[in-house]
Amino acid sequence: MIFTNCTCYSEDPEQVMSHLKCGLSKSVKRPSFNIELRFSQPVAKFFVNMRIVLPRRFGDDFTLFNLSGIDGCSLLSNKNQIAFIQLGRKHMDKFSNVPKRCPWPKDTPYYVRGFRSDMSTMPAFNFESDMNLWFDFVVNQHKVIRGFIQSRVQRRKSHKNNGAEE
1 MIFTNCTCYS
11 EDPEQVMSHL
21 KCGLSKSVKR
31 PSFNIELRFS
41 QPVAKFFVNM
51 RIVLPRRFGD
61 DFTLFNLSGI
71 DGCSLLSNKN
81 QIAFIQLGRK
91 HMDKFSNVPK
101 RCPWPKDTPY
111 YVRGFRSDMS
121 TMPAFNFESD
131 MNLWFDFVVN
141 QHKVIRGFIQ
151 SRVQRRKSHK
161 NNGAEE
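So for the sequence shown, the numbering used here puts the first residue at 1; every next one is plus one.
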């Protein structure tokens with residue numbers, strides 16, 4: 001998986017956030033994404049919206065999943081999550097200090113740094129596609145973080161067999 005874009009912004013009328021920064025690393029060969037945030041007040045309850053779409057050239061885009069209004073505190077601590085989400089969370093833990101429970105204290109820097117996907121942890125599949133992820137972090141009915149991550153899933157070329165695909 002190759003990341004091609006990572007952006008986020010805040011709609012924060014209550015000034016819940018004191019810092020937000022998103023982007024890609026400068027690595028040309030294998031970019032990773034980074035997200036940094038800090039809250040100006042404790043966050044005891046939040047909700048998450050997340051949607052992953054595989055765009056198609058012809059016909060309707062394929063929605064891999066669409067989760068709306070998910071209780072974020074339950075999502076963080078729940079061990080009986082959807083398998084796909086559980087795999088993603090377990091992998092993200094290697095690159096982040098995102099807590100596993102609420103509340104999130106104020107003035108603590110949280111991050112996801114240098115995130116690279118490890119496709120070997122995913123169930124077997126064989127396709128190439130662009131993949132778009134939209135996410136919202138909702139506190140007090142305000143989308144305090146709105147983000148977008150764009151990537152490309154592609155088969156790795158093998159250099160052992162005269163460029164044949166793995």
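Glycine included, C-beta positions come from ideal geometry on N, C-alpha and C.
- Under the three-state reduction of DSSP, C8 is assigned to strand.
- Bridge partners of I70 according to DSSP: V48.
- Annotation for C22: the continuous beta strand (DSSP E) segment containing it runs M17 to L24.
- P31 sits away from D130, with the two beta carbons spaced by 8 Å or more.
- Put simply, of I35, V28 and F62 the residue whose alpha carbon is nearest the alpha carbon of H19 is I35.
- In this structure the stretch 88 to 96 does not lie against the stretch 55 to 73, because fewer than three pairs of beta carbons, one per stretch, are closer than 8 Å.
- Distance between D12 and P42, taken at the CA atoms: about 14 Å.
- C22 and K45 have their C-alpha atoms some 22 Å from each other.
- I52 places its beta carbon 8 Å or farther from that of Q154.
- S151 carries a strand assignment under DSSP once its states are collapsed to helix, strand and coil.
- By the Cβ neighbour-count rule, M17 is buried, with 16 or more other Cβ atoms within 10 Å of its own.
- Cβ-Cβ distances below 6 Å link G69 to F47 in the same chain, with the five nearest sequence neighbours on each side left out; the list follows chain order.
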